[in-house]
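In what follows, a single structure is set out as structure tokens and then discussed.
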Amino acid sequence: MIDALFIAPGNAQEVYQKLSEDYSAIETPTWALLLAESCRSVGYKVGILDVNAEKLTHQEALDRVVGISPRFVVFVVYGQNVNAGTTNMSGATALSKFFKLSDLDSPIVYIGSHVQALPIESLEKEESIDIICTNEGVYALWNLLKISRVNPVALSKVNGIGYRDFDSVKLTDPEAVIPQNRLDIDLPGYAWDLLPFNKKPFDLYRSPMW
Numbered sequence: 005m006i007d008a009l010f011i012a013p014g015n016a017q018e019v020y021q022k023l024s025e026d027y028s029a030i031e032t033p034t035w036a037l038l039l040a041e042s043c044r045s046v047g048y049k050v051g052i053l054d055v056n057a058e059k060l061t062h063q064e065a066l067d068r069v070v071g072i073s074p075r076f077v078v079f080v081v082y083g084q085n086v087n088a089g090t091t092n093m094s095g096a097t098a099l100s101k102f103f104k105l106s107d108l109d110s111p112i113v114y115i116g117s118h119v120q121a122l123p124i125e126s127l128e129k130e131e132s133i134d135i136i137c138t139n140e141g142v143y144a145l146w147n148l149l150k151i152s153r154v155n156p157v158a159l160s161k162v163n164g165i166g167y168r169d170f171d172s173v174k175l176t177d178p179e180a181v182i183p184q185n186r187l188d189i190d191l192p193g194y195a196w197d198l199l200p201f202n203k204k205p206f207d208l209y210r211s212p213m214w
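Each residue of the sequence shown is one higher than the one before, starting from 5 at the first, in this note's numbering.
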């Protein structure tokens, strides 16, 4: 069992339609790579499932997650454009809803610009999200991975998150942003070795029209 499986969800089919087959960019999941390496640097076992790059169906993604059996499934919903976090939420929530309807046991965590901006609304409107990380999510995620049982009492003691306590939404005390003098320590690099590939590293990724 691994501690956290980072999900890079896909929404290219909905946004770009037929263009997604050959022409839209498939970028490396930058923030998932940073978070994975950060968690790994403090002793946690992690993985990355890039649904977008591998063009997985919902069922294929679920089968992978069930086979890996992570303690937490962490959706990382970012993008290079300012509004990409919100644009990508539709694809992410479609997948997390499928997971929930399939009775996935692992708690579903969201990290990204949309849930940072609208944490309460995100939890109220999307029942497939169990927990959100506020701010950058680095220290909040470390805090979350320390707990052995996921329940409202344990979650209430984890700084930097939002969670659902039965019918109400709770936000805990905020967690610190990584200080400048600890950037290289707490974000030590990218977990490139966790990316999927076909025949050689990075061959599933492309720039637009390439």
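We put the beta carbon where it would ideally sit given N, CA and C, even for glycine.
With DSSP run on the structure shown, which of helix, strand or coil describes residue i?
i	result
Asp177	coil
Val142	helix
Phe76	strand
Leu105	helix
Ser172	strand
Cys29	The sequence shown places Ala at residue 29, not Cys. Coil, per DSSP.
Could you round the C-beta distance between residue i and residue j to whole angstroms and report it? I think they count as a contact, below 8 Å.
i	j	result
Asp7	Pro74	7 Å
Ser126	Val119	4 Å
Closest to residue i by CA distance: which of the options is it?
i	options	result
Asp169	Ala180, Asp177, Val55 and Val157	Val157
Asp207	Glu31, Phe10 and Gly14	Glu31
Ile112	Asp67, Cys137 and Lys203	Cys137
Phe201	Ile151, Ala57 and Asn185	Ala57
Thr91	Ile182, Gly14, Leu199 and Leu198	Gly14
Leu108	Ala29, Val69 and Arg44	Val69
For residue i, collect the residues of the same chain with a Cβ closer than 7 Å to its Cβ; drop the 5 residues on either side in sequence, then sort them by chain order.
i	result
Ile72	Ile6, Leu9 and Gly51
Apart from the five residues on each side of it in sequence, which residues of its chain come closer than 8 Å, Cβ to Cβ, to residue i?
i	result
Lys174	Pro156, Leu159, Ser160, Gly166, Tyr167 and Arg168
Exercise. Does the stretch 38-54 come close enough to the stretch 187-203 that 3 or more CB-CB pairs lie under 8 Å?
Worked result: yes
Exercise. Any contact of the stretch 165-181 with the stretch 143-153, i.e. 3+ C-beta pairs under 8 Å?
Worked result: yes
Exercise. Can you find at least 3 beta carbon pairs, one from the stretch 54-62 and one from the stretch 90-110, that sit closer than 8 Å?
Worked result: Touching, yes.
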